[in-house]
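In our numbering, the protein residues as written are 21 to 331. Glycine residues also receive a C-beta, built at the ideal position from the N, C-alpha and C atoms. Take a look at the structure below.
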Ligand code: GLA
């Protein structure tokens, strides 16, 4: 009887983008961060094939595929990708792509292990020594919460995020791939203890703790003050802001109902994050004179996998 090769089974994976409330450029130094997974997702479907291939508009996608394939120990795959996370805008579209592939191909993985595998894949694909925050949030974020993540131990706690606040993200229009930025240079300077960079790192870590306290005590004005301080520190001490971003952040600060705003993510362009009082969203967006993405918090890709039935 003629032996026929079995047709490879298809798989699907889905993972969210993320925002970072506070704790910027501290993850790769073992600091604490406070990201949240958001209600924008990347969906990937695929099956085993002779060679890696990708059908998507995400630039450089093939490099990511190969890198995550090595990490997950899988054969070449052909994949199709759909996403409502705008690439290059600071919502971690690449982390969502990697985590979606990881959950699709290896759903049995522990979320932390998956996040670490995706971080290594991102580093290998780009040569940028990113921290673990984005992949972790995409894998293990919790709906209704932000994640207080200690990047030195990977211990984390879900911190309730109040319904009274809206998370707004505004794209500066300055899109950049991290490879073309001084991200690695900033990391080296901070690791080497350069005083200005260190001052940002130490003060930012203190702000993360203060932010979590303020969230728990529902002192919303205080959240805004901490966001502003974070921005100034990223602008003046870590030097990752740009003129365009500073202008947007200052505009947001001046709008009634906006508690505070800051540059978000790696910087060098990208997006800003603002916290806006619920009910003021429309007026805020009009005053920003830019497209504003309002994000709700969401579950990470690996959240339902290992949950006990009573959870
Ligand atoms: C990028 C990296 C993260 C983190 C931020 C800055 O998003 O992927 O690991 O370093 O920049 O906080």
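Any non-hydrogen atom of the ligand GLA within 6 Å of residue i CB
i: residue 47; result: yes
i: residue 154; result: yes
i: residue 122; result: no
i: residue 285; result: yes
i: residue 259; result: no
i: residue 151; result: yes
i: residue 44; result: yes
Proximal residues to residue i (C-beta, below 8 Å), its chain only, five neighbours per side dropped
i: residue 225; result: 43, 46, 51 and 52
Spatial neighbours of residue i in its chain, beta-carbon cut-off 6 Å, leaving aside the 5 residues before and after
i: residue 163; result: 317, 318 and 319
i: residue 146; result: 199
i: residue 23; result: Here residue 23 scores only 47 on pLDDT, less than 50, and its place in the model should not be relied on; the value that follows carries that caveat. Nothing listed; no residue qualifies.
i: residue 64; result: 33, 99, 101, 120, 121 and 124
Start and end residues, beta strand (DSSP E) containing residue i
i: residue 10; result: Residue numbering for the chain in the displayed model covers 21 to 331; residue 10 lies beyond these limits and cannot be assessed.
i: residue 58; result: 52-68
i: residue 103; result: 97-103
i: residue 165; result: 165-170
i: residue 314; result: 312-315
i: residue 34; result: 31-42
i: residue 275; result: Premise fails: residue 275 is in no beta strand (DSSP E) and is neither H nor E.
i: residue 129; result: Segment: none, residue 129 is in no beta strand (DSSP E) and carries neither H nor E.
Cβ-Cβ separation, residue j to residue i (assumed contact under 8 Å), whole Å
i: residue 269; j: residue 281; result: 5 Å
i: residue 101; j: residue 59; result: With a Cβ gap of about 18 Å, residue 101 and residue 59 do not count as contacting.
i: residue 159; j: residue 142; result: Between residue 142 and residue 159 the Cβ distance is about 13 Å, and since that is not below 8 Å, they are no contact.
Distance cut-off 6 Å: residue i Cβ against heavy atoms of the ligand NAP
i: residue 156; result: Among the ligands modelled here, namely the ligand GLA, the ligand NAP does not occur.
Beta-carbon proximity list for residue i, same chain, < 7 Å, skipping 5 on both sides
i: residue 73; result: 98
i: residue 139; result: 150, 152 and 155
Delimiting residues of the alpha helix (DSSP H) encompassing residue i
i: residue 215; result: 215-236
i: residue 185; result: Looking at the DSSP string, residue 185 is not in any alpha helix (DSSP H); the run it does join, the beta strand (DSSP E), is 185-191.
i: residue 76; result: Element bounds for residue 76: n/a, residue is neither H nor E.
Legend entry - Meets three-Cβ-pair contact criterion under 8 Å: the segment 85-98 and the segment 250-266: Because the criterion of three Cβ pairs below 8 Å is not met, the segment 85-98 and the segment 250-266 do not touch.
Legend entry - Touching by the beta-carbon criterion (3+ pairs, under 8 Å), the segment 171-188 and the segment 119-126: no
Inset, instruction - Evaluate the contact criterion for the segment 301-310 versus the segment 202-219: three or more CB pairs, one atom per stretch, below 8 Å. - result: no
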